[in-house]
Amino acid sequence: MSIAASSAILIALLVLFLGSGGWIFSGLMLVGASSMYFALDFNLARIGSIATKVISSSAISWELAAIPIFMWMGDIIFRTDISQRLFRGLAPMVARVPGGLLHTNVFGCTVFAAISGSSTATTATVGKITIPELLRRGYDTGLASGSLAGAGSFGLLIPPSIAMIVYGVLAEVSIAKLFAAGLIPGLMMALLYSGYIAIMAILRPETAPRYEGEVSLRTVLRGGVELLPIMLLMCVVLGSIYSGIATPSEAAAVGVFGAITITVVTGQFSLALMRESLMNTIRISAMILMLIAASSFLSAAIAYMHLPTQITEAISALDLSPYGVLLILAALYIVLGMFLDGTSMTVMTVPIAVPLIVQAGFDPLWFGIYLVIMIEMSAITPPVGLNLFVLQGLTGGTMGATIRAALPFFVLLCIGTVILAIFPQIVLWLPNSL
């Protein structure tokens, strides 16, 4: 079957089953089964046999164990007063920088992302403290919500990241190296955001009123004490991975123990907290793992159709430059990001995108970070940008105002992507040095 016919069948089935508003898991399974039935003329018994083998093999991947454990660690911390501690700790450290307390959004999300792995959880946890405080002190609503919209997506880029684990499993790339690869780009994006905030505060001083609180060596040191629990947890989790002492899954288990210890030491431990965090983790992890299983089956169907090879050959025949391929993929991901969440985008596109990237001469490790940034864009892209809904709830503004506030930070993400494409060693230096 030609690439045009195969692609047409696949797209038609995706529109039919995913556009119907049903569960994405069942939609992907139906797309895979229907593709085999109509395009390949496989009988139902053969389709069932393939589904059983593919789903069972994807379900026993040890790397996937890190997903629910990291999510449990983040959910435990989400239910504590860590967000208040972050604000109290960071406020005196950034008070005299142009932009003042707006930087607590950026650096608060950067720190919390290192123990969360979730963009939405990072945005909600940091925002529930910073947004009311910033608005009460007279900071510009657009800059306050926009900076949180962009920085909240660091939950995907700063390790440990659920998106990186999903990509690593699907693309067969080392998760530990992906974690290392995301660290410097994450810090780079944080500096870009803070730089933009500082410039806006200098050009428009009314957007960031002067901090009236005390700023001294004593208050800065006191802030450091507030940050100590979360910094220790971050160092233990990431240090155990980068030093080679623990795998990501083992480090996640250490992180859960550390998170529980924090709740005990700070007097916030309760059986209700543990039960609620565990149940929420089970619900979200089941959703993600079901998507991975369904995508593995769809990937098998696509492989049987030889679609990745055909698309790779077709794009190669266009004689595009490597950056031309990246541009096409960026446009694809921006459009997909308007309608799908990050996990769905990843599981649907990796089987086709990775061969294209390898053919174009890019490192699959580098592409993992590129893909995560594309997913970050989807988190602040209407109409399905989850961070936008969180921010609208926190600020009480209209969705239009929230989207306008997030737009400059979407542009900064695009600029960051261009920088990483021109200088790939920003991504590759740290993982190659370990």
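For the sequence shown, the positions run 2 to 435 when this note's numbering is used. Where a beta carbon is used, it is the ideal one built from N, C-alpha and C, also for glycine.
Limits of the alpha helix (DSSP H) - the one that residue i falls within
| i | result |
| --- | --- |
| Tyr197 | 176-204 |
| His104 | 104-117 |
| Ala273 | 272-305 |
| Leu435 | Leu435 -> no alpha helix (DSSP H), and no H or E assigned at all. |
| Met94 | 83-95 |
| Val355 | 343-361 |
| Arg405 | 400-423 |
| Thr382 | Neither: Thr382 is in no alpha helix (DSSP H) and is coded neither H nor E. |
| Phe43 | Unbroken run through Phe43: none, as it is neither H nor E. |
Nearest neighbour of residue i, chosen from the options [CA to CA]
| i | options | result |
| --- | --- | --- |
| Val373 | Gly225, Phe363, Ile163 | Ile163 |
| Gln85 | Ser241, Arg97, Leu431, Thr105 | Thr105 |
| Phe79 | Ser217, Leu103, Ala295, Asn281 | Asn281 |
| Met189 | Gly225, Thr111, Arg138, Ser250 | Thr111 |
| Ser71 | Met339, Gly369, Ile261 | Reading the sequence as shown, one finds Phe at residue 71 and not Ser. Measuring from the Cα of Phe71, the nearest candidate turns out to be Ile261. |
| Val226 | Ile77, Leu429, Ile83, Val348 | Ile83 |
| Met349 | Ala199, Tyr305, Leu15 | Leu15 |
| Ile263 | Gly369, Ile329, Ile116 | Ile116 |
| Ala122 | Phe155, Ser148, Pro206 | Phe155 |
| Ser345 | Ser379, Tyr371, Val419, Phe363 | Ser379 |
Under the three-state DSSP convention, the category residue i falls into
| i | result |
| --- | --- |
| Gly23 | coil |
| Tyr324 | helix |
| Ser244 | coil |
| Glu173 | coil |
| Phe258 | helix |
| Met74 | helix |
| Glu134 | helix |
| Ser36 | helix |
| Pro365 | helix |
| Thr370 | What sits at residue 370 in the sequence shown is Ile, not Thr. Note: Ile370 maps to helix in three-state DSSP. |
| Asn388 | helix |
| Arg80 | coil |
| Ser217 | coil |
| Thr124 | helix |
| Arg223 | helix |
| Ser62 | coil |
Residue i vs residue j beta-carbon contact at 7 Å
| i | j | result |
| --- | --- | --- |
| Phe298 | Ala92 | no |
| Gln393 | Thr382 | no |
| Met291 | Phe26 | yes |
| Leu157 | Glu377 | yes |
| Ala181 | Leu431 | yes |
| Gly187 | Ile176 | no |
| Ala67 | Pro249 | yes |
| Met30 | Ile48 | no |
| Tyr212 | Ala96 | yes |
Status (buried if at least 16 other CB within 10 Å, exposed otherwise) for residue i
| i | result |
| --- | --- |
| Pro323 | exposed |
| Pro441 | For the chain, the structure presents residues 2 to 435; residue 441 sits outside this window and is missing. |
| Trp73 | buried |
| Phe258 | exposed |
| Ser58 | exposed |
Proximity test, Cβ basis, 7 Å: residue i and chain B
| i | result |
| --- | --- |
| Gly90 | Absence of chain B from the displayed structure is noted, only one protein chain being present. |
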